[in-house]
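Working notes for the structure below.
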Amino acid sequence: LELVQKGHRLVADDRVELYQHDELTLVGEAPEILNNLIEIRGIGIVDVMTLFGAGAILDTKQVDLLVHLENWTPDKQYDRLGRAVETTEVMGVSIPKMRIPVKTGRNVSIILEVAAMNFRAKKMGFDATKTFTERLEQLIAENSEQ
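Just so you know, we're using my numbering here: the sequence shown kicks off at 62 and counts up by one.
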């Protein structure tokens, strides 16, 4: 809901139907019975198009990234630099996958926005992890010369 309020468009809530558009492309859409609807605990079923307008929904969307939200476990090691590149195969199509730990107090909508923007930036050739690594290696080299 917060993502819709920020101007993002809803394709599906809770359940997404996937189909293979071509050999390398998956597309997602809502099941017809759930089209434009989201469930908000304590409020019930909400029609996003009625409340937010036609610009708040999208019938279908290509699936470029799979995000797995998992409960934060204090003793588990998480990728802090963004180096781990994981993929999962869905209907024979390899999809990049991110595992994001969540816990009370983390703003999941902002984290998802940043994950999507950073994923897009990497596809465009901008990799903050690579930049950081290069800067760190340069600093280490400079300090070892002294």
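Virtual Cβ for every residue (Gly too), placed ideally from N, Cα, C.
Taking 8 Å as the cut-off, decide whether the C-beta atoms of residue i and residue j are in contact.
i           : j           : result
residue 84  : residue 73  : no
residue 107 : residue 98  : yes
residue 117 : residue 71  : yes
residue 154 : residue 66  : no
residue 158 : residue 119 : no
residue 87  : residue 156 : yes
residue 175 : residue 130 : no
residue 109 : residue 132 : no
residue 160 : residue 190 : no
residue 93  : residue 75  : no
residue 151 : residue 197 : no
residue 200 : residue 64  : no
On the DSSP letters alone, give me the boundaries of the beta strand (DSSP E) that residue i sits inside.
i          : result
residue 87 : 86 to 90
residue 79 : 78 to 83
Under three-state DSSP, which class holds residue i?
i           : result
residue 95  : helix
residue 209 : Outside the shown range of the chain (62 to 207) lies residue 209, about which nothing can therefore be said.
What does DSSP give as the partner residues of residue i in its beta bridges?
i           : result
residue 101 : 105
For a test of your reading of the model: does the CB of residue i fall under 7 Å from any non-hydrogen atom of the ligand COA? Yes or no.
i           : result
residue 168 : With respect to the ligand COA, the structure offers nothing, as it holds no ligand at all.
Quiz item: In chain order, which continuous runs of the alpha helix (DSSP H) of length 4 or greater are located wholly inside the segment 104 to 164?
Solution: Runs of the alpha helix (DSSP H) lying entirely within the segment 104 to 164, each at least 4 residues long, are 109 to 113 in chain order.
Exercise. List in chain order: all unbroken alpha helix (DSSP H) runs of 4+ residues lying wholly within the segment 165 to 199.
Key: The segment 165 to 199 contains these whole alpha helix (DSSP H) runs: 169 to 184.
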